[in-house]
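Trainee:
Number of protein chains: 2
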Amino acid sequence: MVCVTSQRRPSTLKRIVPIANSLLAALPDRDYRRLHARLEPVTLTFGEVLYHPGDPIRHVYFPTNSLVSLLTLVEGHTALEIGLVGREGMLGIPLALGTKDSPVRALVQGSGAALRIESAHFLGQFRQSAPLQREIHRYIHERMVQITQTAACNRFHHVEARLARWLLMTRDRVQSDQFRLTQELLGCMLGVLRVAVTKAASALQRRKLIHYRRGQISILDGQGLEAAACRCYQVVKDVHDRAPRGHSTNPTEHPSWSTI
Amino acid sequence: MVCVTSQRRPSTLKRIVPIANSLLAALPDRDYRRLHARLEPVTLTFGEVLYHPGDPIRHVYFPTNSLVSLLTLVEGHTALEIGLVGREGMLGIPLALGTKDSPVRALVQGSGAALRIESAHFLGQFRQSAPLQREIHRYIHERMVQITQTAACNRFHHVEARLARWLLMTRDRVQSDQFRLTQELLGCMLGVLRVAVTKAASALQRRKLIHYRRGQISILDGQGLEAAACRCYQVVKDVHDRAPRGHSTNPTEHPSWSTI
DNA sequence: TACGCTCTGTGCGCCAGCGTACATACGGCG
DNA sequence: CGCCGTATGTACGCTGGCGCACAGAGCGTA
């Protein structure tokens, strides 16, 4: 596991910490240290909105154990989720692509920690560090695949399968079989009415795949849930797992979402 | 209008030609010339498949007056379009992001010309030319917005509005009010049955917005069609139109899709 | 303990799009 | 000219999700 000691510089992190974000963990020490000087640990709380559509991006965020979902707003309509970002990713891709404003809303879905860096500093680092560019480019590709798959999934698959997929994706990112989430919110994510979520969730619960109680949800049978989900889950996961990443000293270092 | 003479090098293009692809046209002369040595003019014909999902990308294409649509395949299902590329864009984004394989199918929708370059050469140029990087980054962002909007559109809007949007998008890219296209194909694009397209197209025709006859479609009333389409059309168009591009000698050079 | 808020479950009429089948129109070709 | 393949139009039963309304259930708080 990659660790970094902040011995040479007075840092906001006083102790030896594992790098709990995959993008950062994949950087060579030299590049990470440079970045680290500008990184600020923050706590994200459920419901917080990090980006509003059309507003300038102030910070780039690297979630560690928090979870953020990206929503697109369609004229009056309730939102639709088009991306889910956890420790495997980052928020603020448009900056890396030369755009100042976020086209989407970033909503904190699971409270937790993240590292953030001011936009100007991020851009400076991004220009300097080829490894950072590589990692971020890889992640952008991953996210494009994710959006694409989600688009098709939303079009073709039924609520129950999509719900199962969403739960699995969330599990992978928070690395836990339990998390908080109301059906109301889930409706937004999936772009369906709350009642549709209720029906689908009830069905999954009857099949003993999940347990649901007042916003607290537990996955009881991951295998079964994967079977209930559409293939879209595997497709996106495969793209992530197969992607080569990091400074290739140890290729087995990052085999899956659940590894740093 | 930007023109390039190929006076200093024996070139595949023997005469002075306007650069009919926006991405290329936005490059400074120096960068364009370097690229030009490796560019090969090709003719794309309707139905041709440029990329198969999972296969390595052999060339990067810059359509000039051809039209290519990007389709994602979902297990057995008929395809779903998630991008439409004309003279304003390029094919082969994954290469620029460090991935060798195309995740989507690229299907030639409208016969016409394009410029292409071998992947290895493209990567060389991409690494060398900051303006090329800037342009492509801008375009990647544009395309992410496009996919995002399409995802939401496919979820929320009805076939008739989506059809209208698709026709307008195509018009912008081929710069003509007429083009060939069967309802069968349109069904794939929109992810609906052919009969649904028939109904929607008939409705638009009854309203004198379009004229349809055996695969030959004409837009009669662009204004009316825009009114019939969902806002998604404007949203994506605005992102394109507002984006600053090119070597900023003449900012009014590229106000819209219909300008080089 | 009682109230109120939030979250979840159920019912019902409605409609867009599905899936399928079949009918018609156009146009190229022998 | 007649044939055939392709493109388009129409019909009909089915179903998933919409939109709305309302009922119960858990939990915090006064």
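Chain order of the listed sequences is A and B. Residue 0 is where the first sequence starts when you use numbering that gives the first Met the number 0, and the numbers rise one by one after that. Residue 0 is where the second sequence starts when you use numbering that gives the first Met the number 0, and the numbers rise one by one after that. Glycine included, every Cβ here is placed at the ideal spot set by N, Cα and C.
1) To test your reading of the DSSP string, which unbroken alpha helix (DSSP H) runs of 4 or more residues are found completely within the segment 160-229 of chain B?
2) What residues from chain A crowd round Ile81 (chain B), counting only those whose CB sits closer than 7 Å?
3) Sorted by chain position, which residues of the same chain lie with C-beta nearer than 6 Å to Pro55 (chain A)'s C-beta, five sequence neighbours on each side aside?
4) Using DSSP's beta-bridge definition, name the partner residues of Phe61 (chain A).
5) With a threshold of 16 other CB atoms inside 10 Å of the CB of Gly85 (chain A), please say whether the residue is buried or exposed.
6) Should Ala112 (chain B) be counted as a contact of the ligand GDP given a C-beta to heavy atom distance under 6 Å?
7) What span of residues does the alpha helix (DSSP H) with Arg104 (chain A) cover, start to end?
8) Can you give me the C-alpha to C-alpha distance between Arg262 (chain A) and Asn153 (chain A), rounded to a whole angstrom?
9) Assuming the contact rule is C-beta atoms closer than 8 Å, Thr71 (chain B) and Leu83 (chain B) should be a hit. Round their C-beta distance to whole Å, please.
10) Which residues share a DSSP beta bridge with Thr149 (chain A)?
11) Taking the alpha carbon of Leu180 (chain A) as the reference point, which residue from A:Gly91, A:Tyr31 and A:Ile218 has its own alpha carbon closest?
12) Counting only Cβ-Cβ distances shorter than 7 Å, please list the residues of the segment 163-195 of chain A near chain B, keeping chain order.
13) Determine, using beta carbons only, whether Arg262 (chain B) comes closer than 7 Å to chain A.
14) Please report the straight-line C-alpha distance between Arg133 (chain A) and Gly97 (chain A), rounded to a whole angstrom.
15) So that I know if they touch, is there some Cβ in chain A lying closer than 7 Å to that of Val158 (chain B)?
16) According to DSSP, is Val144 (chain A) helix, strand or coil?
17) Starting from the N-terminal side, write out each stretch of the beta strand (DSSP E) that is 3 residues or longer and does not extend beyond the segment 26-59 of chain A.
18) According to the Cβ coordinates, are Arg193 (chain A) and Gln182 (chain A) closer than 7 Å?
19) If we cut at 7 Å on Cβ distances, does His140 (chain B) have a partner in chain A?
20) Residues of the segment 53-67 of chain B in Cβ contact with chain A at a cutoff of 7 Å, in chain order, please.
21) Roughly how many whole angstroms lie between the Cα atoms of Leu122 (chain B) and Val144 (chain B)?
22) Give a yes or no on contact between the segment 85-95 of chain A and the segment 27-34 of chain A, applying the rule of three or more CB pairs nearer than 8 Å.
23) Would you report the Cα separation of Val107 (chain A) and Leu69 (chain A), rounded to the nearest angstrom?
24) Under 9 Å between beta-carbons, which chain A residues line up against Arg104 (chain B)? List them in chain order, please.
Mentor: The answer reads as follows:
1) 182-189, 193-205 and 221-227
2) Looking up residue 81 (chain B) in the second sequence gives position 82. The contacting residues are Thr147 and Ala150.
3) Position 56 of the first sequence, counted from the start, is the residue given in the question as residue 55 (chain A). Closer than 6 Å at Cβ, skipping near neighbours: Lys99 and Asp100.
4) Along the first sequence, one-based indexing puts residue 61 (chain A) at 62. Within the DSSP bridge table, the entry for Phe61 (chain A) names A:Leu114 as partners.
5) Mapped onto the first sequence, residue 85 (chain A) falls at position 86. Answer is buried; the Cβ neighbour count reaches 16.
6) In the structure shown, the ligand GDP is absent, as is every other ligand, since no ligand is present at all.
7) If you number the first sequence from 1, residue 104 (chain A) lands on position 105. Not the alpha helix (DSSP H): Arg104 (chain A) falls in the beta strand (DSSP E), residues Arg104 to Gly109.
8) In the structure displayed, chain A extends from 0 to 259; residue 262 (chain A) sits before or after that span and is not available.
9) The count along the second sequence starts at 1 and reaches residue 71 (chain B) at position 72. The count along the second sequence starts at 1 and reaches residue 83 (chain B) at position 84. Not quite, the Cβ-Cβ distance comes to about 13 Å (not below 8 Å), so this is no contact.
10) Position 150 of the first sequence holds residue 149 (chain A). Bridge partners of Thr149 (chain A): none, in fact.
11) Reading the first sequence from its first residue, position 181 is the one you call residue 180 (chain A). Residue A:Ile218 is the option with its Cα nearest to Leu180 (chain A).
12) Gly190
13) The requested residue 262 (chain B) is not part of the displayed model; chain B covers only 0 to 259.
14) Here the question's residue 133 (chain A) lines up with position 134 in the first sequence. Here the question's residue 97 (chain A) lines up with position 98 in the first sequence. The alpha-carbon atoms of Arg133 (chain A) and Gly97 (chain A) are separated by roughly 16 Å.
15) Against the second sequence, residue 158 (chain B) aligns to sequence position 159. At a cut-off of 7 Å between beta carbons, Val158 (chain B) makes no contact with chain A.
16) As a first step, residue 144 (chain A) must be located in the first sequence, where it is residue number 145. Three-state result, Val144 (chain A): helix.
17) 39-43 and 48-50
18) By 1-based counting over the first sequence, the position of residue 193 (chain A) is 194. By 1-based counting over the first sequence, the position of residue 182 (chain A) is 183. Going by C-beta atoms, Arg193 (chain A) is nearer than 7 Å to Gln182 (chain A).
19) One-based indexing of the second sequence puts residue 140 (chain B) at position 141. Yes, because at least one Cβ of chain A sits closer than 7 Å to the Cβ of His140 (chain B).
20) Of all residues in the segment 53-67 of chain B, none comes within less than 7 Å of chain A when Cβ atoms are compared.
21) Taking the first residue of the second sequence as 1, we reach residue 122 (chain B) at position 123. Taking the first residue of the second sequence as 1, we reach residue 144 (chain B) at position 145. Cα to Cα, Leu122 (chain B) sits roughly 24 Å from Val144 (chain B).
22) no
23) As a position in the first sequence, residue 107 (chain A) is number 108, starting the count at 1. As a position in the first sequence, residue 69 (chain A) is number 70, starting the count at 1. Rounded to whole angstroms, Val107 (chain A) to Leu69 (chain A) spans 9 Å at the Cα level.
24) Numbered from its first residue, the second sequence carries residue 104 (chain B) at position 105. Per Cβ cutoff of 9 Å: no residues; Arg104 (chain B) is ~11 Å from chain A at best.
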